[in-house]
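Encoded as structure tokens, the structure appears first; notes follow it.
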């Protein structure tokens, strides 16, 4: 190792950036981020215009912009579930025992 390099101090992430930032409702924010990201990826894969998205979801253009620019905290989980349903996605809630060092809530998109 090069003696000229300084030691780098860092703190390992908890797996939830919102908790690491000590934000209120960090678990809820992480869930919204994962759901919103999944909705956005599905929309991008379908190459829909923002006008088509607004029509599909029955939302205003500003909300489409918020969704597509990652402002997922502005959308309730139930609303994001509804968007997934409108994209013909089935939402399954699977409850299991929590293991140490894993998130309490996870979102997985089957391909």
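Residue numbers (my numbering): 3 to 113.
Heads up, the beta-carbon is just placed ideally off N, CA and C, and yes, glycines get one too.
For the alpha helix (DSSP H) containing residue 72, name the first residue and the last one. Unbroken run through residue 72: none, as it is neither H nor E.
For residue 89, which residues of its own chain have a beta-carbon under 6 Å away from its beta-carbon, when the five flanking residues on both sides are left out? 44
Beta carbon of residue 38, beta carbon of residue 74: below 7 Å? yes
To test your reading of the DSSP string, which unbroken alpha helix (DSSP H) runs of 4 or more residues are found completely within the segment 26 to 88? 28 to 48, 52 to 59, 63 to 70, 79 to 88
Classify residue 110: buried if its beta carbon has 16 or more other beta carbons within 10 angstroms, exposed otherwise. exposed
What are the boundary residues of the alpha helix (DSSP H) that includes residue 19? 19 to 22
Note down the Cα distance separating residue 60 from residue 94, rounded to an integer number of angstroms. 23 Å
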